[in-house]
Amino acid sequence: MAEKDGINTKDFLIGGLIGAIVGSAAALLFAPKSGKELREDLNTQVDTMKEKGNQWKDVAYEKGIEISGVAKGTKDKLVDSAGGFVDVVKDKSGKLADTVSKQGKAVKEVVSQNKEENTEAAKAAAEAVKSEAKDAADDVEKAADKAKVEAKKAVEDGKDAAKKVATDAKKEVK
Numbered sequence: 071m072a073e074k075d076g077i078n079t080k081d082f083l084i085g086g087l088i089g090a091i092v093g094s095a096a097a098l099l100f101a102p103k104s105g106k107e108l109r110e111d112l113n114t115q116v117d118t119m120k121e122k123g124n125q126w127k128d129v130a131y132e133k134g135i136e137i138s139g140v141a142k143g144t145k146d147k148l149v150d151s152a153g154g155f156v157d158v159v160k161d162k163s164g165k166l167a168d169t170v171s172k173q174g175k176a177v178k179e180v181v182s183q184n185k186e187e188n189t190e191a192a193k194a195a196a197e198a199v200k201s202e203a204k205d206a207a208d209d210v211e212k213a214a215d216k217a218k219v220e221a222k223k224a225v226e227d228g229k230d231a232a233k234k235v236a237t238d239a240k241k242e243v244k
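Counting in the numbering used here, the sequence shown runs from 71 upward without gaps.
See below:
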């Protein structure tokens, strides 16, 4: 189990259970009753504690399953968000590579045809590549911002759901 503020939750619950048992036994031992009455009371208390322990175990198991489901849902949201970002980056980098390749071929053709036009063609090709790269960078930045927002929302939703499950578990144990 996770530690919070240096206290292991499992150890705390076990300590609480042991304390309850010892306290109940001490109260019964110091009560002015006959041996037979005392044994009956002890057996009743032990049965009650067993029943409560089983109830706590069942609640903890159910809440563990719920928290596991919340964590899986949050993970799935994060994976979907990252997948969308990766797709945008792949698409834009592919388009940019195609543009660079096409402009490189155009520059090569112009260079072989006319030297005076070489400078203008090179400038035009450079501008086209620069424009395409800027557009791709803007799209990737937008996709990154969107993925960041979606990831934060998924994490917050996961935290809220886990808190709700923990609160429900506390109510059920009481």
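Note that CB positions come from ideal geometry on N, CA and C, so glycine has one too.
Going by beta carbons, K133 and A207 fall outside the 8 Å limit. With respect to the 8 Å criterion, A203 and F155 are not classified as neighbours on the basis of their beta carbons. If you draw a straight line from the Cα of V235 to the Cα of D111, it is about 36 Å long. Judged by beta-carbon spacing, Q115 lies within the 8 Å limit of S94, meaning their Cβ atoms are closer than that value. The way I'd put it, the region 219–231 doesn't touch the region 159–176; fewer than three beta-carbon pairs between them come closer than 8 Å. A check of alpha carbon separations from E242 across Y131, N113 and G153 identifies Y131 as the nearest. Secondary structure of S94 (DSSP, three-state): helix.
Leaving aside the five residues that flank E136 on each side, the residues in its chain whose CB is nearer than 7 Å to its CB run, in chain order, V235. Taking C-beta separations shorter than 8 Å and ignoring five residues to either side along the sequence, the partners of S163 in its chain run A206, following chain order. In the three-state reduction of the DSSP assignment, S171 falls in the helix class, which pools H, G and I.
Approximately 41 Å separates the beta-carbon atoms of A224 and K120; this is outside 8 Å, ruling out the contact. For the set G143, V159, I84 and K145, the Cα lying nearest the Cα of G123 is the one of I84. Counting only runs of at least 3 residues, the region 175–242 fully encloses no beta strand (DSSP E) element at all.
Counting other Cβ atoms within 10 Å of its Cβ, A167 stays below 16 and is therefore classed as exposed.
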